[in-house]
Amino acid sequence: MARDNDNKASSTRRSEKQTAGQHNGGEPSPKHGRSHKEGQRRDQKKKPRLSKKTLIIGGVILGVVLVAALLYWLHARNFESTDDAYTTAHVHEISARVAGTIESVTVDDNQLVKEGQVLLILDQRDFKVAVEQSRAQVFERKAAGDQAQANQVKAQLDFDRLSKLGAQQVVSKQDVDNATAASKAANAALTGAKADLATAEAALKNAELQLSYTTVVAPTDGRIAKKTAESGARVQPGQALMAVVEQDVWVLANFKETQLARMQVGQHANVKIDALHGHIFSAHIDSLQPGTGSTFALLPPDNATGNFTKIVQRLPVKIVLDDVGEYRDRVVPGLSCEPRVDLRTGPP
0 MARDNDNKAS STRRSEKQTA GQHNGGEPSP KHGRSHKEGQ RRDQKKKPRL SKKTLIIGGV
60 ILGVVLVAAL LYWLHARNFE STDDAYTTAH VHEISARVAG TIESVTVDDN QLVKEGQVLL
120 ILDQRDFKVA VEQSRAQVFE RKAAGDQAQA NQVKAQLDFD RLSKLGAQQV VSKQDVDNAT
180 AASKAANAAL TGAKADLATA EAALKNAELQ LSYTTVVAPT DGRIAKKTAE SGARVQPGQA
240 LMAVVEQDVW VLANFKETQL ARMQVGQHAN VKIDALHGHI FSAHIDSLQP GTGSTFALLP
300 PDNATGNFTK IVQRLPVKIV LDDVGEYRDR VVPGLSCEPR VDLRTGPP
C-alpha cells in the first residue's frame, strides 16, 4: 500500500511539471535555456572568422598573381623554343684516291689544320716509276713524230716534182701515182704520230696526277677528328682515314609546325648549350629547310593507304650563332641546346 501511494505521488508531480510547461507556452526551463546558450557560444568560438584585413590582403595577393600571369602570357606568346635542337657543322671525310701504303702521318687527333696542309703521305716509289715510264714514252712518241714529219716533207717534195714532170710527160703516169700515194701515206703517218704523242702526254699527266694523290692535304681549315690512319697501313681508294671539322658551327632546331606561324628568316634568337651551362649565345635564323624531317626520311610516310593518324611534323630551322667568342674550341657539332626565338624581331 505504501509503495502504491509513492508511485501515485511521483506521477502527480510529473503531471504538474508538464502542465506548468504548457502554461509557459512550451518554453524550456531557465536552467535548460542557459545550457543551450552556452552550447551556441562554444560552437561560435570553434568556427574561425576571417578578419577584414586578412580578406583585403588575400584579394591583393590574388590580384597580383592574376596580373603577373597575364603579363607572363603576353610576354611568352612572343617567343618560341624547343629542346629538340643540336649543334652541327661541315665535316669533311678524308680518304685516299689511290691504293697504297701510308708512309707518314703528319697530324694528330684534334689538331688545328689549315687549308692545303699535308695530312699524310703514301709510298710514292711505284708512282714515280710510272711517271718516268710515261715520260719516256712521250720522248719516244716525239721522236716518232719528228721522223713522220720528215717523211711527210720528203713525200710532199717528191709529189710536187713528179707532178711537174708528169705534166711535161717526162715521167710516166705510174710514177706520179706512186708519188701521190706516198705523200698521202706520209700525211697519215704524221697524223698517227701526233695522236700517239698526245696519248703519251695524257698518260704522263695521269701518272703525275696519280703521284700527286699520294699526298693528302686538308680541303679546308678545321680540326682533325676520327683519325684512323697510321703509318705502314695499306689503304684503298675511298677508305675513310680521318675527318676535318670546320669551326663554323650552327644550330639545327626542329620546331613543331604549329610554332612556325610567325617565324621568319632574320629573327633574333638566344641559344643555351647544355655543355656550357650558364652562358647564352646570341644568334639569328638563317634559313628554314624546304621540307619536314619526314619528307627526307629513308622511308617517307604514305598517308594515302590505311588508317590515318595526324602527327605534328617538325621542320629543321638553321640558326647561326653571331659570335661564340672564347668558346670557339668548346662549341663543337653534336651538342644538345635550346634555342629561344624572339618573334617580335625581324630581318635587319
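Just so you know, numbering that gives the first Met the number 0 puts 309 at position 310 of the sequence shown, and the rest follows in order with no gaps. Glycine is no exception: its CB is placed at the ideal position from the N, C-alpha and C atoms.
ask   = Where L111 and P338 are concerned, what is the direct C-alpha to C-alpha distance, given to the nearest angstrom?
value = 28 Å
query = Considering only residues of the same chain and omitting the five flanking positions on each side of L251, which have a CB-CB separation below 8 Å?
reply = A84, Y85, T86, T87, P315, V316, K317 and I318
key: Exposure label - S171; buried when at least 16 CB within 10 Å   = exposed
task = For the beta strand (DSSP E) containing K271, list its first residue and its last residue.
result = H267 to I272
inquiry  = Taking 8 Å as the cut-off, does the segment 229 to 245 touch the segment 92 to 101 (at least 3 CB pairs, one atom from each stretch)?
reply    = yes
ask   = What are the start and end residues of the beta strand (DSSP E) that includes S293?
value = It is not in any beta strand (DSSP E) - S293 carries neither H nor E in the DSSP assignment.
Beta-carbon proximity of I93 to T214, cut-off 8 Å = no
query = Can you name the start and end residues of the beta strand (DSSP E) that G221 belongs to?
reply = G221 to A224
ask   = Ordered along the chain, which non-local residues of its own chain (more than five positions away) have a Cβ less than 7 Å from that of Q312?
value = E256, T291 and S293
inquiry  = For the pair the segment 128 to 141 and the segment 260 to 273, tell me if three or more CB-CB distances fall below 8 Å.
reply    = no
request  = Give the secondary structure of G85 by DSSP, where H, G and I count as helix, E and B as strand, and everything else as coil.
outcome  = Before going further, note that residue 85 is Tyr rather than Gly in the sequence given. Looking at Y85 - three-state DSSP - the assignment turns out to be strand.
Same chain, Cβ closer than 8 Å to I361, five either side skipped, listed in chain order = The requested residue 361 does not occur in the structure, where the chain is confined to residues 0 to 347.
message = What residue range does the beta strand (DSSP E) around S50 cover?
response = Taken as a continuous stretch (DSSP letters only), S50 belongs to no beta strand (DSSP E), as it is neither H nor E.
key: For F254, the three-state DSSP class (helix, strand or coil)   = strand
ask   = So is I223 buried or exposed if we call it buried at 16+ other beta carbons inside 10 Å?
value = buried
Helix, strand or coil at H22 according to DSSP, with G and I counted as helix = Confidence is the limiting factor: at H22 the pLDDT is only 44, short of 50, which leaves the residue's position unreliable, though a coordinate-based value still follows. Helix at H22.
As assigned by DSSP and simplified to three states, the class of D341 = strand
inquiry  = For S80 and L259, I'd like the C-alpha separation in whole angstroms.
reply    = 11 Å
inquiry  = Under 8 Å: do the segment 144 to 160 and the segment 192 to 201 share three or more Cβ pairs, one atom per stretch?
reply    = yes
task = Taking 8 Å as the cut-off, decide whether the C-beta atoms of Q209 and A129 are in contact.
result = yes
key: Cut-off 7 Å between Cβ atoms - residues of its own chain near Q116, not counting five sequence neighbours on either side   = V216 and A217
query = Assuming D159 contacts A181 under a Cβ cut-off of 8 Å, what Cβ separation, rounded to an integer in Å, is found between them?
reply = About 12 Å; that fails the 8 Å criterion.
Own chain residues within Cβ distance below 6 Å of A199, not counting five before or after = Q136, V137 and R140
query = Which residues in the same chain have their Cβ closer than 6 Å to the Cβ of V330, if we skip the five residues on either side of it in sequence?
reply = V248 and V323
For S230, the three-state DSSP class (helix, strand or coil) = coil
query = So what does DSSP say about A239, is it helix, strand or coil?
reply = strand
request  = Would you mind reading off the limits of the beta strand (DSSP E) that contains E102?
outcome  = G99 to V104
message = Below 8 Å on the Cβ atoms is my contact criterion, and I expect D285 with E114 to pass it. Report the Cβ-Cβ distance as a whole number of Å.
response = That pair is no contact at about 23 Å.
task = Using 10 angstroms around the beta-carbon of F295, count the other beta-carbons present and answer buried if the total reaches 16, otherwise exposed.
result = exposed
ask   = Does the beta-carbon of Q173 have 16 or more other beta-carbons within 10 angstroms, so that it is buried, or is it exposed?
value = exposed
key: Spatially closest choice to N205 from R96, K226, S50 and A142, by CA coordinates   = R96
ask   = Using DSSP with H/G/I as helix, E/B as strand and the rest coil, what is F126?
value = helix
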